[in-house]
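Report on one structure; see the data block that follows.
In the working numbering, the protein residues as written are 73 to 178.
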């Protein structure tokens, strides 16, 4: 699954309307760790059918970056039933990321 880009205009509707867990990755074009993390997140989403993946370009969507206090990229926010459940800052390997997501995937 390819991640879908969110903007301030689409964020509320998409996140509030989601039934299951949602990963939202804040990224930037110049960020090498963001490019490394993207395929890891896509792999996890492909293996977990109820999980959705969205991205937010932190340079283009400064309002959302400020709203969620994103001061470093990549930052991955995990929402479940529209509520922020977890914040992960930095790139991680797949195994480490799965451990941190733990019960949110079930």
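Think of the CB as a built atom: it goes at the ideal place given N, C-alpha and C, for glycine as much as any other residue.
- Membership of residue 159 in the beta strand (DSSP E) is indicated by the continuous run 155-161.
- Contact check for residue 100 and residue 163: beta-carbon distance about 13 Å, past the 8 Å limit, so the pair fails to qualify.
- The beta carbon of residue 158 lies closer than 6 Å to those of 150 in the same chain, with the five residues before and after it left out.
- Scanning its chain for C-beta atoms nearer than 7 Å, with the 5 sequence neighbours on each side dropped, one finds around residue 135 the residues 80, in chain order.
- Only residues of its own chain outside the window of five on either side were considered, and among them 94, 151, 154 have a CB closer than 7 Å to the CB of residue 87, listed in chain order.
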